[in-house]
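Report on one structure; see the data block that follows.
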Amino acid sequence: MQGLKILLTIAQLRDWFANNLGVNTARKEQVYLDIAHSVTLTDTSYWIQVLFSAGIATLGLVLNSPAVIIGAMLISPLMGSILANGLALATGDVILALRAILNLFLSCGLAIAFAVLLSLILPFKDMTSEILARTQPNLLDLLIALFSGAVGAVAICKEPKGVATSIPGVSIAVALMPPLCVVGYGIGTAVSLSPGTGLAVARGGGLLFFTNFVAITFMAMLVFLALHMDIDPVRERVWAWREGDRESTWVRSLLAQVPVSGRLKRIGSLPSRLLLIGMTIALIAIPLNQSFNQLRSEISDKQQENRLRNTATELWQKNFANFADGRTRSYISQLSFKEQDRQLVAQLQVVTSKVYAADEREQYKQQLAIKLLRPSDSIALTLIQIPTASSDLLRRIPEEIKPTPPPTLAQLQASLLRDIGSMLDSLLLPLSAQLVSYETGSSPDEPFKIQIIYLSQRDIDRDGQAILVQDIRRQLNDSTAQVNFKRIAPLAVTVTFELNQSDIPPTQIQALDQLGQLVQNYPKLKIEIVAGQTSAEIGTPAQARSLTIRRYLQTKWQVQPDRYVVKPGIEPKPIVQLKTSSSR
6 MQGLKILLTI AQLRDWFANN LGVNTARKEQ VYLDIAHSVT LTDTSYWIQV
56 LFSAGIATLG LVLNSPAVII GAMLISPLMG SILANGLALA TGDVILALRA
106 ILNLFLSCGL AIAFAVLLSL ILPFKDMTSE ILARTQPNLL DLLIALFSGA
156 VGAVAICKEP KGVATSIPGV SIAVALMPPL CVVGYGIGTA VSLSPGTGLA
206 VARGGGLLFF TNFVAITFMA MLVFLALHMD IDPVRERVWA WREGDRESTW
256 VRSLLAQVPV SGRLKRIGSL PSRLLLIGMT IALIAIPLNQ SFNQLRSEIS
306 DKQQENRLRN TATELWQKNF ANFADGRTRS YISQLSFKEQ DRQLVAQLQV
356 VTSKVYAADE REQYKQQLAI KLLRPSDSIA LTLIQIPTAS SDLLRRIPEE
406 IKPTPPPTLA QLQASLLRDI GSMLDSLLLP LSAQLVSYET GSSPDEPFKI
456 QIIYLSQRDI DRDGQAILVQ DIRRQLNDST AQVNFKRIAP LAVTVTFELN
506 QSDIPPTQIQ ALDQLGQLVQ NYPKLKIEIV AGQTSAEIGT PAQARSLTIR
556 RYLQTKWQVQ PDRYVVKPGI EPKPIVQLKT SSSR
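The sequence shown lines up with residues 6 to 589 when you count with the working numbering.
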C-alpha cells in the first residue's frame, strides 16, 4: 500500500512538471517524432553540417580563434543524436537507441576523419591554447555538461518560443564539435610529427567529448523521465509512424534476426538503465577528478607564488627601494621563489644606484621571514645587484698607476649578465613572440641554466624552441647549457568611463592592478594606451582619462612615464584601452 502511494505521488509530480512547462500529450508526440527524425541517415543537409562544422572548428582551433570555434559550436549537429540517446534510455526504446548510436558513430567518424585530413594538409602543427584547453577535462567540465544537458532537454520539449533563446547557449556551453576535432588534430599530429604528443592530445579531446556525451544523455534521460514521455498515446503514435519509416523498419528487421531480440524489445528495466549510465559517469569521474586535483594544485601553487612575489615586492618598495630623502635608490628587475631542501630560496635581482651592504641584505631577509611567518633560517636569499652609472661605488682612477686587481665575483657576474643581455638582444624569436626578460642560474653540480621569458599569444612550437636552444648554446659556447622557455600572455584591459568623467570606476581597479603588477615585475614591458571619447562629450576627456590612469599606475605600481606608448584614439567611445607590449 505504501509503495502504491509513492508511485502515485511520483506520477502526480511528473504530470505537474509537464503541465508547468506546457508539455501536453500533443507536444510530447511532436518532440518524440522530431527527435526520431533527427537521427536519420538520409538527410544530406545534416551531413553537410557535420562536415563543415568540423572544418570550422578545426581551423578555429589551429588559428587559436575563440570566435571561429563558437561559430562551429552554434551549428551543433550532434545535439540531436545525443538527446535521442537520452530519450531512448528514458522510454526503453531500443530501435531509437540503435538509430541514435549508429548516427552518432558515423557523425563522429566523419568529423574526426575530416579533422585528421585538415591537420595533415596544414603546414604547421602548433598546439594552440584553444587545443590544449580541451586536452585536460576535469570535474567542472562534467558539471557543465550535466547542467547543459538538462537545459537542452527542457528547451527541446518546450514550445519553440523558448528554444530560440536556450539552444544556442547550450551548444556553446557543451561544445560537442571542438573536442572531436581535437581528437582528429591529435591523430594527424601523431601520424605526421610526434606520436606521443599527438596521441596524448587525441586522448584528452576524446575524454572531453565522451564526458559531454554521457552527461547530456544522462540529464536528458532524467528530464524525459520527469516529463513522462512514454505515455500510451505517445507510444502508439510513434509506433504508427514507424510502420511507414524505412530506417525504423530496417533496424527492426535487423533486430528480429538477433536471438535475444525479445529481451531487447525494451532496453532492460529502468533501474538497470539508470545503473548503467550512473556507473559510466562514475568511471569517467576518476580521470576527471585526477585532472581536477592537478588543476587545483597548480592554481594553489600559482596563488602561493603570487602572494610571495607581492609580499617581497611590497616589502622592498616600502623599506629598501628609496633613500631616506625619498629619492629612488633601486627597483626590482627580477624576482623568483622556489622550495628546495625544505628552504624557500628567494632570488632577487635589483638595479641600484648604491649597492646594498651585507647588513641591509640580512635586514631584508629578517623582515621577509616575519612577513611570511617563517623562521629566518628557512629562507635563503640571493641578492643580485646591478649598479647603474650613478653608483657611488664608481671611484676616480688614482693618478698613480696601481696593479689592476683581479675582478671580483660580483664583477664577473655583472659581466656575464651583460654578455648574456647582448646575446639575447640579437636573438631572433618568431614574429608572434617578443623577448621580455631572462633568468639564469648555476651550481657546481649542474650545467648553466637560462630561462627565456617572452610575450606571445601562443607557445613557441617545439621546432622553433630547438632552433633557439642551438643558437643560444652556440653563442654561449656551452653545449650543455639548459635552456627553458616561459611565455607571458599579453594582457589587455579596457576601462569604461561615465560620459564627461575621468575618474576611474571602482570596478576597473582590480584589472588595472593586475596590469600594473605585471609591468612592474617585468621592466622591459611597455603599455600601449589608447583613449577615446564620444562626439557628445565636451572638451578633451580622452586625454584626462589617459592621464588619470597613467598617474594611478605610476603612484601605486611605479610605472614610469617612459614605459607608455600613447596611440591616437579611434573608437568614439568613453573608454581607455591598455595592452602590454615588449620594448625590445
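Where a beta carbon is used, it is the ideal one built from N, C-alpha and C, also for glycine.
Which same chain residues, not among the five before or five after residue i, have their C-beta less than 8 Å away from its C-beta?
i, result
"Leu125", "Gly193, Val196 and Ser197"
"Val441", "Ile458, Tyr459, Leu460, Ile493, Tyr527, Lys529, Leu530, Ser587 and Arg589"
"Ser341", "Ala351, Gln352 and Glu444"
"Ala516", "Val498 and Val500"
"Pro495", "Leu460, Ser461, Gln462, Lys584, Thr585 and Ser586"
Excluding the 5 residues preceding and the 5 following residue i in the sequence, name in chain order all residues of the same chain whose CB lies nearer than 6 Å to its CB.
i, result
"Asp518", "none"
"Ala169", "Residue placement at Ala169 is poorly supported in this model, since its pLDDT is 46, which falls under 50; the coordinates still yield a value, given next. Hits under 6 Å: none found."
"Leu92", "Ile40 and Phe229"
"Leu115", "Val55"
"Val570", "Lys531 and Glu533"
DSSP state of residue i, grouped into three classes?
i, result
"Gln565", "coil"
"Ser442", "strand"
"Pro403", "With a pLDDT of only 46 at Pro403, under 50, the local geometry of the prediction cannot be trusted, and the value read off the model is given with reservation. Pro403: coil per DSSP, three-state reduction."
"Leu38", "helix"
"Thr4", "Nothing in the structure corresponds to residue 4, since the chain is present only between 6 and 589."
"Gln506", "coil"
"Ser448", "strand"
"Ile236", "coil"
"Ile391", "strand"
"Lys572", "strand"
"Leu386", "strand"
"Phe218", "helix"
"Phe110", "helix"
"Ser551", "helix"
"Val28", "coil"
"Asn143", "coil"
"Asp364", "helix"
"Gln262", "coil"
"Glu542", "coil"
I believe residue i touches residue j by the beta-carbon criterion, under 8 Å. Please report the beta-carbon distance rounded to the nearest angstrom.
i, j, result
"Phe297", "Leu145", "7 Å"
"Pro142", "Gly209", "7 Å"
"Val219", "Ile304", "No, Val219 and Ile304 are not in contact; Cβ-Cβ is about 26 Å, not under 8 Å."
"Glu533", "Leu583", "7 Å"
"Pro292", "Leu212", "6 Å"
"Leu388", "Ala317", "That belief does not hold up - the Cβ atoms of Leu388 and Ala317 are roughly 11 Å apart, past 8 Å."
"Leu313", "Arg19", "The pair is not a contact, with the Cβ atoms about 56 Å apart (cut-off 8 Å)."
"Ala155", "Asn217", "Between Asn217 and Ala155 the Cβ distance is about 13 Å, and since that is not below 8 Å, they are no contact."
"Asp476", "Leu432", "7 Å"
Tell me, please, which residues DSSP counts as bridged to residue i.
i, result
"Thr585", "Ile532"
"Phe490", "Ile457"
"Gln462", "In DSSP, Gln462 forms no bridge with anything."
"Ser341", "Gln352"
"Ile497", "For the sequence presented, residue 497 should be read as Ala rather than Ile. In DSSP, Ala497 forms a bridge with Lys584."
"Leu523", "DSSP, once it has assigned bridges, lists no residue as partnering Leu523."
"Tyr336", "Val356"
"Glu319", "According to DSSP, Glu319 bridges with nothing at all."
"Asn327", "Thr333"
Leaving out five residues before and five after residue i in sequence, what residues of the same chain have Cβ atoms less than 7 Å from its Cβ?
i, result
"Asp397", "Low confidence applies here, because Asp397 scores a pLDDT of 48, under 50, leaving its location unreliable and the question unanswered by this model."
"Val73", "Ile61, Leu64 and Gly65"
"Gln371", "Ser381"
"Gly521", "Leu558, Lys561, Trp562 and Val564"
"Arg242", "Glu34"
"Gln470", "Phe490"
"Arg334", "Ala326, Asn327, Phe328, Thr357, Ser358 and Lys359"
"Leu101", "Ala41, Ala89, Leu92 and Ala93"
"Trp21", "none"
"Leu300", "Asn143"
Does any residue of chain C bring its CB to less than 8 Å from the CB of residue i?
i, result
"Leu520", "Absence of chain C from the displayed structure is noted, only one protein chain being present."
Checklist entry - Three or more beta-carbon pairs under 8 Å between the stretch 88-101 and the stretch 155-165, yes or no? => result yes
Item to check | Segment contact, 8 Å Cβ cut-off, at least three pairs: the stretch 97-113 with the stretch 32-51 | outcome: yes
Checklist entry - Is it a yes or a no for the stretch 244-260 touching the stretch 316-332, going by three-plus beta-carbon pairs under 8 Å? => result No, they do not touch.
Checklist entry - Does the stretch 538-547 come close enough to the stretch 332-348 that 3 or more CB-CB pairs lie under 8 Å? => result The stretch 332-348, when compared against the stretch 538-547, does not touch it at the 8 Å Cβ threshold.
Next on the checklist: Does the stretch 470-489 come into contact with the stretch 444-454, if we say contact requires no fewer than three beta-carbon pairs (one atom in each stretch) closer than 8 Å?
Outcome noted: With a cut-off of 8 Å, the stretch 444-454 and the stretch 470-489 count as touching, because enough Cβ pairs lie within range.
Checklist entry - How about the stretch 56-75 and the stretch 110-121: do they share at least three Cβ pairs that are nearer than 8 Å? => result Contact between the stretch 56-75 and the stretch 110-121 is present, because at least three Cβ pairs lie under 8 Å.
Checklist entry - Taking contact to mean at least 3 C-beta pairs separated by less than 8 Å, is the stretch 240-254 in contact with the stretch 181-189? => result no
Item to check | Contact between the stretch 361-371 and the stretch 543-561 (3+ Cβ pairs under 8 Å) | outcome: Counting Cβ pairs under 8 Å, fewer than three are found: no touch.
Next on the checklist: Quick check: the stretch 25-33 against the stretch 233-241, are at least 3 beta-carbon pairs closer than 8 Å?
Outcome noted: Because the criterion of three Cβ pairs below 8 Å is met, the stretch 233-241 and the stretch 25-33 touch.
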